[in-house]
Structure formats: structure tokens, C-alpha cells
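Residue numbers (this note's numbering): -2 to 215.
Beneath this line is the structure, given in C-alpha cells, with notes to follow.
This is how it looks when you write it as C-alpha cells:
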């Protein structure tokens, strides 16, 4: 097993048993004008093969788009949480959200993607019969696993956002208890003045606003 010939200061090898020497043939014209098929000498080089990257531009565009979509919903995310709960429970709701983000994202996320990275390793470094760092990764498998994992998580997040939008029932303003820190007010369009008397229409809807924001009818 191995290579029989070493060329150019041990940087090239030929006649290697791990390479199919007859897999490629070349056509040669001999002195009599006839064409002979001779096996092409296949060389082995030290180091990893240069694979190149044909889809670098589409990949970078996709990464930029994903980052923009990921960070653009930061503020709407907080607004959704605060609008789904009563005013006095907003701080509690944000705290519960961060607990779930830690338990379901920050802790298992690195472990899950670490498994994806380890599964795509083709060659491990061994030191004293113990596995060390990965020397060679299967880039195609690694890219598919990471991209598919992120895509599945984003789809699940979108599904849960949609379900929360369809099932949420915000607290009604009419049924809210009147608090000392709030002031009852009425839209001026529902107020009429007759003989210096203010008359409130029966169909007027009362709202509750903070006491610092007073509404005056003129």
C-alpha cells in the first residue's frame, strides 16, 4: 500500500496503489502512423486538492439576505411580545421569552450544529490513540447540513409566529379595570354642547389612557 515513486522533493508521488492507474487513457500516434492507447500517469500531490468555489457570489448574496431578514425582525419581535400581554405583564413576558430563547436556542443550538460539523468530517487527527481535531471536512455535506438546519429552524419560527397571530386574543379595552394611574377620556367627536352643557352621546366608547395624557374638549 502507498506510492512506489517519489518526485520533486517528496511533493509528488506516482504509481500509488490508492489511485486507479488505468482509469484515464491517452491517445498516442506511433512512428508507423497507428494510434496507441496508453495509460495516463496519474500523480498524487501533498496536501488537499484545490476544489474551487463556483457558487461564491450566489452564496454571499444568500448569506447577506439571510442576515438582513434575521436582524430586521428584532424590533417587531419585541413589539409582538409586548402587545400580546397586558401592560403590567410586559416585563414578565420579556423575561419568559429570554428564558425560552436560552433553553431552546442558546444551549442546544451549538450542540446541534456541532454534531452536524462532526458528522461531515472525513479524517480525524489521532494522538496517542485518541481522536483529535478534524483534518479534512466534506465541504458539500457540511454546507448542506448547516443550510438545511438553519432553514428548518427559520420555517419553524415563521410557523409559530403565524399560529400566535391567528390564536392570540388581546385584552379588551372595554373590560379593563379602571386604575388610579389612568384617566377616563372620550373622543371629542362624541361630545356635543347644548346651552353651555356638555352632552355625551350614548354610543360613545370610553377609553383609558395614562393620567399624564389628558384629553380636553373645547
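Every residue, glycine too, gets a C-beta built ideally from N, C-alpha and C.
Item	Value
Where residue 58 falls: helix, strand or coil (DSSP)	helix
Residue 98 versus residue 84 - alpha carbon distance	22 Å
Whole-angstrom distance between residue 62 and residue 137, CA atom to CA atom	21 Å
Local Cβ density within 10 Å of residue 10, reported as buried at 16 or more and exposed below that	buried
Continuous beta strand (DSSP E) stretch holding residue 3: start and end	0 to 4
C-beta contact flag for residue 79 and residue 71 at 8 Å	no
Member of 12, 3, 153, 159 whose CA lies at the smallest distance from the CA of residue 101	153
Own chain partners of residue 122 with C-beta closer than 6 Å, once the 5 adjacent residues on each side are dropped	129, 130, 132
Nearest neighbour of residue 155, chosen from 3, 67, 76 [CA to CA]	67
Where the alpha helix (DSSP H) containing residue 133 begins and where it ends	Careful: residue 133 lies outside any alpha helix (DSSP H), inside the beta strand (DSSP E) at 127 to 134.
Residue span of the beta strand (DSSP E) that contains residue 41, given as start and end	40 to 42
The alpha helix (DSSP H) enclosing residue 74, as first and last residue numbers	71 to 80
Whole-number beta carbon distance between residue 113 and residue 142, since they are thought to touch under 8 Å	4 Å
Residue from 140, 82, 146 whose Cα sits closest to the Cα of residue 109	146
Whole-angstrom distance between residue 88 and residue 179, CA atom to CA atom	Any reading at residue 179 must be qualified, since the residue scores a pLDDT of 47, below 50, and its modelled position is unreliable; no value is offered.
Sheet register partners of residue 120 (DSSP bridge)	133
Residue 117 classed as buried or exposed, judged by whether at least 16 other C-beta atoms fall within 10 angstroms	buried
For residue 127 and residue 93, the rounded distance between their alpha carbons	42 Å
Rounded straight-line distance, which links the Cα of residue 14 to that of residue 0	6 Å
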